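Presented below is the structure to which this report refers.
Chains as they are written, first to last, in this note's numbering: chain Z, 16 to 275; chain X, 69 to 313; chain W, 4 to 298.
Below, the structure written as structure tokens:
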């Protein structure tokens, strides 16, 4: 329980540094361009380069390496799985043959190469997402999305969900501790039933919370929609930064693909 | 010697990949090639729009609806972060929560809630991703949510107890999500190999973890639904009326 | 018109409220707070305090009786107007803080009023400054401490510029310094900004310093109404409502009862008790001017 909640922390996004001060719309645009470049790559160089840049930046900003590594683990595992599968299930030039349980499994050169490409894309794009999320709080991303014409209902719901996930996490971990200290998680069967109660309690609490919060909103003149503040208009500085980065990413892509 | 080395490398890869497959409810960032990523976005958008429309209509009838929705969304998010121990694998997986969400708030709003949860998970947990958001919305929100909702309705019409219907919704939503995730992965990644071969491989790789996981998710959904029904039935009422309508 | 009584800012007349499941939470309750007064409700848990608060701000509509704000029935006041006159601070700050950041939350009310972004910013600045939370401005709500959350709640309500503040246990769960900070903040709002303050509380030790008038509630009806002195000297009321005297009064009371120390009056605060006790000490053993005591 605690591990996933520890991971789900946005404390770093609220740190003050050169990147967190940058307008979230600029960061989103650059990140989107970077992601596009990565998944459109047909060679491993650009994705790996972008990944290295992002991780280096994260370390420069003094983000804890352990957390970064933890967040990288899962996508890495999936990339490895896809890589293995492709090596065995596609391609034509045999590279190595294994016999497992009487069946012949053949890894191919092409399969492994294309698997490696996919793995590099995963690394590159996860690097971008890690950097983006560690310098931009979620609510700023929501405001930026609203500015980019995301439907209002979606943004409103997202903002409130984001806020109350944290409130409910506190409540959940309290119940979890109360159960654990009274041996609620000893043995598989008891863990199951404790978890059912925990999930039910969280759900019940959230439904109660809906009533209370709605009352509090009414008492502050809530009129069927949560107001989202208008972000300031984009200055020349921001436009310049965006343009420079977009140009850099595009030329790096062409260079890596061998078009230049 | 070289053969031996290869075995060790393969073993290591499987070792990393095995727990990952247990948690691979989301397609990771960057795995899908651009055309496929785009395609799933195109598929997902109408469903999200449908959900948003649903929310707008309902919140006109009930001013509390949006608050209610956000809270249920937050709760489902947390429930989907709860670790489930998988016997024999020694690792933990997580429930999807979409089946539960669908029987509580209906399939349309579930798509919207799922899209928000997926974005937050992509940002903060590196589960799923921006480029694969569309594909994940389709497999979890649309397929999972609809499968869960449908099975709940069918089981209820069959006059089975509510808890059993909720169990079915949770389990079927979970399995449907995995099946569609496997489909999305294999259709995009089979290259010159056979797509169905890859689909079958992924499914087989998922079965040992997914079969018990689905059952667990069913149990969790049933427990949660029953708990809320027993403790605060009035909290479910306005919504039950709406889903019946 | 009675000269001693200021015009009622908020008044509940003969209010009764029964919940759907049949619990009668309020029985023929009368409540009144004059303009610019500091009124406290004292009661044990489950005696209808929170229900009365919700009736006062129109979140619940009583089956019987009515609530008036500045002489007008609240049923006739539209929500937008009503909630600019009366602000509500709930007991649990998490119920009230629903935006992602401090700034957004405080701006929620003003934005609902349709003010321009410049005016909204001005109100947010002013409200945060007022509760001493200007530094918290761009912080996320879920990173705040409990005491900070409580102050941000208050700022969110102050941004609506109400003339009446209704607070449900504003000091519950705060540390002693936080409690004192909150009470002084309310007193300042009451004194300088002339805001009528109505608060439900359990902190009997603090109240005599601040409240003009105390309502003691018990099982949904009014047990006693009066100044702190009138309320706490009435031992029956104190016992019946599950309260206690302020500790300092208890000390003086026991000195008088068990040790025969002839203390005058019934001091409710440390300052008063000090004066009363010094009276009894022979002047020759008192050394004055040891420490410069500031007011």
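Beta carbons are placed, not taken as given, at the ideal position from N, Cα and C, and that holds for glycine.
None of the values given here were measured: they were computed from a predicted structure.
Listed by chain order, chain W residues near residue i by CB distance under 7 Å
{"i": "residue 152 of chain Z", "result": "143"}
{"i": "residue 228 of chain Z", "result": "98 and 101"}
Under 8 Å by beta carbon: chain Z residues contacting residue i
{"i": "residue 88 of chain W", "result": "Near residue 88 of chain W there are no residues of chain Z at all, since even the closest Cβ is about 11 Å away, more than 8 Å."}
{"i": "residue 73 of chain W", "result": "Neighbours of residue 73 of chain W on chain Z: none; closest Cβ ~18 Å, over 8 Å."}
{"i": "residue 147 of chain X", "result": "214, 217 and 218"}
{"i": "residue 159 of chain W", "result": "235"}
Residue i, buried or exposed, once every other Cβ within 10 Å from all chains shown has been counted against 16
{"i": "residue 211 of chain Z", "result": "buried"}
{"i": "residue 174 of chain Z", "result": "buried"}
{"i": "residue 144 of chain W", "result": "buried"}
{"i": "residue 244 of chain W", "result": "buried"}
{"i": "residue 154 of chain W", "result": "buried"}
{"i": "residue 97 of chain W", "result": "buried"}
{"i": "residue 268 of chain Z", "result": "buried"}
{"i": "residue 156 of chain Z", "result": "buried"}
{"i": "residue 208 of chain Z", "result": "exposed"}
{"i": "residue 6 of chain W", "result": "Any answer about residue 6 of chain W is weak, because its pLDDT of 46 lies below 50 and its placement is not dependable; what the coordinates show is given next. That one is exposed."}
{"i": "residue 260 of chain X", "result": "exposed"}
{"i": "residue 193 of chain W", "result": "buried"}
{"i": "residue 144 of chain X", "result": "buried"}
{"i": "residue 76 of chain W", "result": "exposed"}
Simplified DSSP assignment, three categories, for residue i
{"i": "residue 132 of chain Z", "result": "helix"}
{"i": "residue 144 of chain Z", "result": "helix"}
{"i": "residue 155 of chain Z", "result": "helix"}
{"i": "residue 106 of chain W", "result": "helix"}
{"i": "residue 106 of chain X", "result": "helix"}
{"i": "residue 94 of chain W", "result": "coil"}
{"i": "residue 25 of chain Z", "result": "coil"}
{"i": "residue 227 of chain W", "result": "strand"}
{"i": "residue 66 of chain W", "result": "coil"}
{"i": "residue 199 of chain X", "result": "coil"}
{"i": "residue 145 of chain X", "result": "helix"}
{"i": "residue 271 of chain Z", "result": "helix"}
{"i": "residue 209 of chain X", "result": "helix"}
{"i": "residue 90 of chain X", "result": "Unreliable positioning characterises residue 90 of chain X in this predicted model, as indicated by a pLDDT of 47, which lies under 50. The coordinate reading is nonetheless provided below. Helix at residue 90 of chain X."}
{"i": "residue 204 of chain W", "result": "strand"}
{"i": "residue 109 of chain Z", "result": "strand"}
{"i": "residue 151 of chain W", "result": "helix"}
{"i": "residue 257 of chain Z", "result": "helix"}
{"i": "residue 216 of chain W", "result": "strand"}
{"i": "residue 18 of chain W", "result": "strand"}
{"i": "residue 37 of chain W", "result": "strand"}
{"i": "residue 12 of chain W", "result": "strand"}
Within chain X, the residues that residue i reaches when beta carbons sit closer than 7 Å
{"i": "residue 207 of chain Z", "result": "287"}
{"i": "residue 50 of chain Z", "result": "198 and 199"}
{"i": "residue 239 of chain Z", "result": "127 and 131"}
Cross-chain neighbours of residue i in chain Z, by beta carbon under 7 Å
{"i": "residue 23 of chain W", "result": "The contacting residues do not exist; residue 23 of chain W stays about 13 Å from chain Z at best."}
{"i": "residue 111 of chain W", "result": "235 and 242"}
{"i": "residue 266 of chain X", "result": "100 and 104"}
{"i": "residue 114 of chain W", "result": "242"}
Assumed close pair residue i, residue j - CB separation to whole angstroms, cut-off 8 Å
{"i": "residue 166 of chain W", "j": "residue 88 of chain W", "result": "6 Å"}
{"i": "residue 167 of chain X", "j": "residue 240 of chain X", "result": "7 Å"}
{"i": "residue 52 of chain Z", "j": "residue 61 of chain Z", "result": "6 Å"}
{"i": "residue 251 of chain Z", "j": "residue 193 of chain X", "result": "Not quite, the Cβ-Cβ distance comes to about 36 Å (not below 8 Å), so this is no contact."}
{"i": "residue 22 of chain W", "j": "residue 15 of chain W", "result": "So it is not a contact: roughly 17 Å between Cβ atoms."}
Partners in chain X for residue i, counting only beta-carbon separations shorter than 8 Å
{"i": "residue 141 of chain Z", "result": "96, 97, 98, 194 and 197"}
{"i": "residue 13 of chain Z", "result": "In the structure as shown, chain Z starts at 16 and stops at 275, and residue 13 of chain Z therefore has no counterpart that could be examined."}
Any chain B beta carbon closer than 9 Å to residue i
{"i": "residue 106 of chain Z", "result": "Looking at the structure shown, chain B is missing, and the protein chains on hand are Z, X and W."}
From the options, residue whose alpha carbon lies closest to that of residue i
{"i": "residue 229 of chain W", "options": "W:171, W:35 and W:133", "result": "W:35"}
{"i": "residue 124 of chain Z", "options": "Z:141, Z:100, Z:142 and Z:146", "result": "Z:100"}
{"i": "residue 72 of chain Z", "options": "Z:105, Z:34 and Z:241", "result": "Z:34"}
{"i": "residue 120 of chain X", "options": "Z:79, Z:165, Z:109 and Z:103", "result": "Z:165"}
{"i": "residue 20 of chain W", "options": "W:256, W:141, W:259 and W:224", "result": "W:224"}
9 Å Cβ cut-off: residues of chain X touching residue i
{"i": "residue 60 of chain Z", "result": "Near residue 60 of chain Z there are no residues of chain X at all, since even the closest Cβ is about 15 Å away, more than 9 Å."}
{"i": "residue 232 of chain Z", "result": "135"}
Amino acids of chain W, ordered along the chain, whose beta-carbon sits closer than 8 Å to that of residue i
{"i": "residue 182 of chain Z", "result": "97 and 145"}
{"i": "residue 178 of chain Z", "result": "100, 101, 102, 103, 144 and 145"}
{"i": "residue 224 of chain Z", "result": "97 and 98"}
Contacts that residue i makes with chain W (C-beta to C-beta distance below 9 Å)
{"i": "residue 245 of chain Z", "result": "120"}
{"i": "residue 174 of chain Z", "result": "101, 102, 103 and 107"}
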